[in-house]
Structures are given as structure tokens and as C-alpha cells.
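Enquirer:
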Amino acid sequence: MSENSIISLQNVNKWFGDFQVLKDVNLEVKKKERIVVCGPSGSGKSTMIRCINRLEEHQEGKIVVDGIELTGNLKNIDSVRKEVGMVFQQFNLFPHLSVKENITLAPIWVKKMPKAEAEELAMKQLEIVKIPEQANKYPGQLSGGQQQRVAIARSLAMNPNIMLFDEPTSALDPEMIKEVLDVMVDLAEGGMTMIVVTHEMGFAKTVADRMVFMDEGKIVEEASPDKFFNNPESDRTKLFLSQILHQ
Amino acid sequence: MENNSNFETRKPPVATTGILGWCRLHLFSNWVNSLITLLVIYFLYQLIPWFLDWSVFSADFWTNYKGELIVDRTFCSRVADPKGDHGACWAIIIVRFYQFMYGFYPSEQVWRVNLTYFLLVVALLPLLIEKIPGRKHLIKFTIAFPIVAFILLYGGFGFQVIPTNKWGGLLVTLVLGVFGIAIAFPLGILLALGRRSQLPVISMFCTLFIEFIRGVPLITLLFFGMVMLPLFLPEGLNLDGLVRVLVAVTLFQAAYMAEVIRGGLQAIPRGQYEAAQSVGLSYWQMNRKIILPQAIRISIPSIVNTSIGLFKDTTLVIIIGLLDLLGIGRGALADATWMGLSNEVYVFVALVFFIFTFSMSRYSLYLEKKLKTGINMGAD
């Protein structure tokens, strides 16, 4: 593990039953680095980032996040989850709570923040994602793009050092993708460490420091966006890019 | 949407609105439907006037058709004048009303029962009215209510002790129903969570408990509580009869409640757990703030359904000698001075049960309606 890595995956292996989803995955992420992970479906990209905050358990290898190794130790898992925010494909907002309550819940219960302070924080986060006027609505009353932005605000309210995005725009109508990507670009420019699983190649080109291409549970290629898009090494990457860029 | 004004909005077609439109649509849409409607109207026409006449207009209350005060069955109009056209004789209920309500609770202490009933209403208020002032404090009282009620009803702390074998009638029915449901609910939640636990010991224990209790008839459990429970308790610790029955009833209800809530838990998408975990909530925080509120919301109809079932099943305690509302009624019928008035007694008991169960069912509808408005609003 190199000195300034904030996330380090070393020879990580994982199986679902007999099926191996991750095969000897190695990845080092530096502080403030923006990584975009792409690859065909079933290639293990979601599983890999879900291992980073222990929504999935890896069976072999070592995962270290901000100096804390992820093991069965519940205390370690809790501390890592406080460091790492996550945004899901399906938003996963809490439908029985208002937008504001969705955001204040974790600060109040996990960080024991006073309610008034948490609400102030929530409004600040909602302004960052540009929907402060929706604070008192329920998730079901918002559009997909608005819901995803609330989900981002909910994660940011815990003040994480690292943000994981698991296909954040895949469930959105085309006209709403941009509003979510804009928020993510702002976040990247603010210096957040990000790992983003996405097929939005435009976003990848403008934001990514490094591209990671996965196939069949392995990291096939790691390169700068420039090299990745213009001069990829492996044939598998070339095939993938030709398919998603010329559809 | 803002640019709606370009399109004129129209009212729905006339024929489907109003009473006439509704009747045509729902009652007379085709000839089979019309025939059934007419038949039902005919039966109601036969039944309702007859029942009203029997139960109210031709019925005796305090006095019979000659104006005499009714003191036993021979004074009832329909017994004294069998050829006349007389209805029910409610005097049996009126004369024994105290027993129906309180059993054999000493009359100089009965204010304690009435106070408990009153406090029960107070305890229910924050659950019934969401916007009541001081709801947070009232909820605290609601949680403390079982203890307050126990002290008031049973005694201790300066109150004269009234042994439970003096309790009866509606009092016993309500104690079993309210305590059974109130204690079984949190117990059921724990059992449901336990059954889904990843720790094999807890999950196996909860599964075994639920399956055992559900696999046994309530009567068996009542006998078990009555006869066998004392054998398991340490020497000298003699649990009160009503408490033993209450334990059986509560465990029975908890097992059913657990399965109902487990059904609700299974409907919660995995993403909700993951989102809760990813923001750092602990297991209990996640369940308390995210999972259970949604799971219970889904299960409300079934929760109320099993609760109504239990409330009615409390009448089974008659078999082990407790006199609940129905038990007092049967006692009244066994009394030679009131023999033969079973119609009145059973109609009265049924009516009282109906009032309670129907209120519960209305409450569940109200809850469903109230909670739905929060979640299922369209994305407009």
C-alpha cells in the first residue's frame, strides 16, 4: 500500500456461491482522486465499490479505507461507513420521511447533532444540490433527478471523505441525467475523493483522473482518460468502447 | 404544471356522477346485478323493521307492557303475555348491568375501574389524534398506562387489593384484550426481527417459539397457563389466575403478530437496508427509524385483523372459569329467575363486541389513509 492511498484494495477475491465475482482485484486510490469505473454488466464493478463500505463482504485479500482495515470487526465497519458516503442507482431514499428528514436522520442519530443544527446543515446541503425548495416534500413527490440529488445531499450531510457512486444516472430519464451529473462535477471540483461506476463517458472525460475498466471480475485496464479513450491497450477495452461510444 | 392553461380541463361525463349515476353504475349495471339489488332490498325491507321492532319499539326496558317494574323473567311482557306481540326484554341486561361491566368488583371501589376506563381513553388520545397538543407527554403516559392501570385495578400503593377472581364482565374482556394486544405488539416485533436475525441461535429460538405457539390451539395454551405453568414456577411463587391467562393470551398473540410483521419486513426492499447502513445507522437505529416504520405501515390491516381476532378469542377464558363479558352473560342465563332470555343476552354481548371490533377496524382504515398520503403521492 502506497503512502498516500486513502483506499487500498489488495488481491481482493469474492464469490457469490460458486461464482467468482472479483478476481484478484488491486486498486489504490489517492486522496482527492476521481476514479471512474466502467465495464460490461456483470463485470463486478458494483460489487467492488460495495465492498469498500462493506455492503458486500470480501472473502480474500485486504481492503483498507483511510487507515482502517475492513474485517468482521463491527467497530471498524462503523468507522469506515462514517468516512464513506454512497449513492445508489435506485436512490434508496426513505419514502416515509420528508426530504429534510432524510438528510437530518443520520447526523441526528449517528453524530448526535442537535436537531436545529442538523436542519440547518440539511438546508445547506440542499442548496449545494440546488433543490432547497423541496425540503418539506416526500421522495415520492419528486422526479428521479431530484431524488438522486437528495440522495447525494443525504450522503454529504455526514461529511464523508470519500463518495461512492453506483451507476447514479442509470435509472434516470435522459433529460434528468444532466442535473445529477452537474452536481457530481461540482463535487469533484470541490476536491472530494470519488469512485464512480458509470457509463456516462462524457462525465468520465471531464472529471476522471483515472479510468478503471473491469471485465469478468478483473481489472483489465487502468489508465488516464486521455490514454483510455484514445489509445487503449487491451482488445477487450477497445471492443467495449466501440460498443458504447458508437451506439 | 405551469403551462396547463393552454388545455381546457373538462368535468367528467354527467352520467357517472351524482347519486343516480352511482346507482346506475354499481347497482343496476346489468340484469343480474339489478336482480340481486332488488332481492337484497327486499330482504333488508323484511329484516330491518322486524329487528327494530323487536329490539326497540316493542321491547321492555325497565317496565313491562302493564307498566310494572321488571324484577324477574315472569314480569317480562313476552313471558307474561305470550300471545301478545312483544319484543325483547332488556331488563335482564339493565338489572345485571353492573355485573356485565365489572363482574363482582366491590361497588365502593368501582370508581377505580371507571377511572381506569377514563385513563384508557386518555392513553389512546395521542394515538387517535395526531395533532393533539402535548402529544409527546401524552405518549409517555400511554407507555406508562399498563402499570397505572394495574395498580388502580389490582391495588397496592395504599389501594385496597381486589383479587382478580372478583373481576369480571367487560373489565376482564378489556384487560385481556388491551393488555394482550399492547404487550404482544412489541414482543411480536422483537420475535419477527429475531427470526430474521443472522445469529443462528436467536433466529432458531424465535422460529421455534413462533412455530410452537402457532401450532397449538389457544385453549390448549390457556389450560397450559392454568394447570402447568405453576409446576414450572418456583415453590411459593403463586401467579394470579388472570395473570397466568394473560401470559398465555399474550404469547399466543405475540407469535401471530410476529408473523404478520415479518411479512411486512419482507416487503421492504434491500436498498432501504443498504442506504441506512451506508449513512452509518446501527442495527437498532436502522430498524427503529427506517425499516419498522415502513414494515408496520404495510402490515396495519393484518395487525388489526389479528388483534380483532384475539379480542374475540378472549371469550375462550370461560372454559377455565374466568367470567368475561360472555361468561357473565351465561351466568345470567343460568340464573332461574332470568332463564329463557338468551336472545337478549347474546344480542347484547354481540353488540358490545361489535362496538369495540368495529372501532378497531375503523381506526385501521384511518391509519392507512393518513399514512398513505405521506408515501404514495405521484411524482408530479
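Top line first, the protein sequences correspond to chains V and S.
Just so you know, we're using the working numbering here: the first sequence kicks off at 945 and counts up by one.
Just so you know, we're using the working numbering here: the second sequence kicks off at 109 and counts up by one.
Using N, Cα and C, we set each Cβ at its ideal position, and we do this for glycine too.
Just so it is clear, the structure is predicted and the values come from calculations on it, not from any experiment.
For the beta strand (DSSP E) that contains residue 442(S), what are its first and last residues?
Expert: Start at 1 with the first residue of the second sequence, and residue 442(S) comes out as number 334. Premise fails: residue 442(S) lies in the alpha helix (DSSP H), 433 to 442, not in any beta strand (DSSP E).
Enquirer: Going by other Cβ atoms of all chains shown within 10 Å of its Cβ, with 16 needed for buried, is residue 132(S) buried or exposed?
Expert: Within the second sequence, the letter at position 24 stands for residue 132(S). Result: exposed.
Enquirer: What is the rounded straight-line gap between the Cα of residue 954(V) and the Cα of residue 972(V)?
Expert: Position 10 of the first sequence, counted from the first residue, corresponds to residue 954(V). Position 28 of the first sequence, counted from the first residue, corresponds to residue 972(V). Straight-line Cα distance between these residues: approximately 8 angstroms.
Enquirer: Under the three-state reduction of DSSP, which class applies to residue 110(S): helix, strand or coil?
Expert: Indexing the second sequence from 1 puts residue 110(S) at position 2. Annotation note: pLDDT 48 at residue 110(S) (below 50); position unreliable, no value reported.
Enquirer: Have a look at 326(S), 203(S), 462(S), 306(S) and flag the residue whose alpha-carbon is nearest the alpha-carbon of residue 421(S).
Expert: Your numbering for residue 421(S) matches position 313 in the second sequence. With distances taken between Cα atoms, residue 421(S) lies closest to 326(S).
Enquirer: Give me the Cβ distance between residue 1142(V) and residue 1113(V), rounded to the nearest whole Å; I'm assuming they're in contact under 8 angstroms.
Expert: Position 198 of the first sequence holds residue 1142(V). Position 169 of the first sequence holds residue 1113(V). With a Cβ gap of about 7 angstroms, residue 1142(V) and residue 1113(V) count as contacting.
Enquirer: Quick one: does residue 1099(V) have its CB under 8 angstroms from some CB of chain S?
Expert: Stepping through the first sequence from its first residue, residue 1099(V) is reached at position 155. Cβ-Cβ to chain S under 8 angstroms: yes for residue 1099(V).
Enquirer: Kindly indicate which three-state DSSP category residue 1187(V) falls into: helix, strand or coil?
Expert: Here residue 1187(V) refers to the residue found at position 243 of the first sequence. Residue 1187(V): helix per DSSP, three-state reduction.
Enquirer: From residue 109(S) to residue 476(S), what distance separates their C-alpha atoms?
Expert: Counting from 1 along the second sequence, the entry for residue 109(S) is found at position 1. Counting from 1 along the second sequence, the entry for residue 476(S) is found at position 368. Residue confidence is low: residue 109(S) scores 45 on pLDDT, short of 50, so the model does not pin down where it sits. No coordinate-derived value is stated.
Enquirer: By the three-class DSSP mapping on this structure, what secondary structure does residue 395(S) have?
Expert: Along the second sequence, one-based indexing puts residue 395(S) at 287. If DSSP states are grouped into helix, strand and coil, residue 395(S) belongs with the helices.
Enquirer: Roughly how many angstroms separate the alpha carbons of residue 415(S) and residue 1051(V), rounded to a whole number?
Expert: Looking up residue 415(S) in the second sequence gives position 307. Looking up residue 1051(V) in the first sequence gives position 107. About 37 angstroms.
Enquirer: Using a Cβ cut-off of 9 angstroms, pull out every chain S residue sitting near residue 1038(V), in sequence order please.
Expert: The count along the first sequence starts at 1 and reaches residue 1038(V) at position 94. Going along chain S in sequence order, the residues near residue 1038(V) (Cβ under 9 angstroms) are 380, 383, 384, 397, 398, 401, 402.
Enquirer: Please list the terminal residues of the continuous beta strand (DSSP E) segment that includes residue 1109(V).
Expert: Along the first sequence, read from residue 1 onward, the residue named residue 1109(V) stands at position 165. That run of the beta strand (DSSP E) goes 1106 to 1110.
Enquirer: Quick one: does residue 1050(V) have its CB under 8 angstroms from some CB of chain S?
Expert: The count along the first sequence starts at 1 and reaches residue 1050(V) at position 106. So, interface residue.
Enquirer: If you pair each beta-carbon of the segment 295 to 305 of chain S with each one of the segment 362 to 375 of chain S, do three or more pairs fall below 8 angstroms?
Expert: These segments touch.
Enquirer: Please go through the segment 1147 to 1174 of chain V and give each complete beta strand (DSSP E) segment of 3 or more residues, from N-terminal end onward.
Expert: Entirely contained in the segment 1147 to 1174 of chain V, the beta strand (DSSP E) runs reaching 3 residues are, in chain order, 1154 to 1159, 1162 to 1167.
Enquirer: What is the DSSP secondary structure of residue 445(S), reduced to helix, strand or coil?
Expert: By 1-based counting over the second sequence, the position of residue 445(S) is 337. If DSSP states are grouped into helix, strand and coil, residue 445(S) belongs with the helices.
Enquirer: For residue 1018(V) and residue 1012(V), I'd like the C-alpha separation in whole angstroms.
Expert: As a first step, residue 1018(V) is located in the first sequence; it is residue number 74 there, counting from the start. As a first step, residue 1012(V) is located in the first sequence; it is residue number 68 there, counting from the start. Rounded to the nearest angstrom, the two C-alpha atoms are 12 angstroms apart.
Enquirer: Restricting to runs no shorter than 4 residues, where is the alpha helix (DSSP H) found entirely within the segment 241 to 294 of chain S?
Expert: Segments of the alpha helix (DSSP H) lying fully in the segment 241 to 294 of chain S: 243 to 262, 278 to 282.
Enquirer: Whole angstroms is fine: what's the gap from residue 452(S)'s alpha carbon to residue 196(S)'s?
Expert: In the second sequence, residue 452(S) corresponds to position 344, counting from 1. In the second sequence, residue 196(S) corresponds to position 88, counting from 1. Rounded to the nearest angstrom, the two C-alpha atoms are 6 angstroms apart.
Enquirer: Identify the residues that DSSP records as bridge partners of residue 963(V): which are they?
Expert: Start at 1 with the first residue of the first sequence, and residue 963(V) comes out as number 19. 960(V).
Enquirer: Drop a sphere of 10 angstroms on the beta-carbon of residue 1159(V), count the other beta-carbons inside from all chains shown, and report buried for 16 or more, exposed for fewer.
Expert: Numbered from 1 along the first sequence, position 215 holds the residue referred to as residue 1159(V). That one is buried.
Enquirer: Run down chain V in chain order and give the residues with a C-beta less than 8 angstroms from the C-beta of residue 405(S).
Expert: Within the second sequence, numbered from 1, the residue matching residue 405(S) stands at position 297. Ordered by position in chain V, the residues that pass the 8 angstroms Cβ test against residue 405(S) are 1040.
Enquirer: Straight-line CA distance for residue 482(S) to residue 148(S)?
Expert: As a first step, residue 482(S) is located in the second sequence; it is residue number 374 there, counting from the start. As a first step, residue 148(S) is located in the second sequence; it is residue number 40 there, counting from the start. For residue 482(S), the predicted model reports a pLDDT of 48, less than 50, meaning its position is unreliable and no value from the coordinates is stated.
Enquirer: For residue 997(V) versus residue 1108(V), is the C-beta distance shorter than 8 angstroms?
Expert: Residue 997(V) sits at position 53 when you count from the first residue of the first sequence. Residue 1108(V) sits at position 164 when you count from the first residue of the first sequence. Yes, these two residues count as a Cβ contact at 8 angstroms.
Enquirer: Given residue 136(S), which residues of its chain have a CB within under 7 angstroms of its CB, disregarding the five upstream and five downstream residues?
Expert: The residue given as residue 136(S) occupies position 28 in the second sequence. Contacts found: 142, 145.
Enquirer: Let's see if you can read the secondary structure: which residues bound the alpha helix (DSSP H) around residue 1019(V)?
Expert: One-based indexing of the first sequence puts residue 1019(V) at position 75. Its alpha helix (DSSP H) spans residues 1018 to 1027.
Enquirer: Do the segment 349 to 363 of chain S and the segment 278 to 297 of chain S make contact, defined as three or more Cβ pairs closer than 8 angstroms?
Expert: Enough Cβ pairs lie closer than 8 angstroms, so yes.
Enquirer: Consider the Cβ of residue 1163(V): report whether some Cβ of chain S lies at a distance smaller than 8 angstroms.
Expert: Taking the first residue of the first sequence as 1, we reach residue 1163(V) at position 219. So no, residue 1163(V) is outside the interface.
Enquirer: Where residue 1040(V) and residue 1086(V) are concerned, what is the direct C-alpha to C-alpha distance, given to the nearest angstrom?
Expert: Counting from one through the first sequence, the residue named residue 1040(V) turns up at place 96. Counting from one through the first sequence, the residue named residue 1086(V) turns up at place 142. Using only the alpha carbons, I get a separation of about 13 angstroms.
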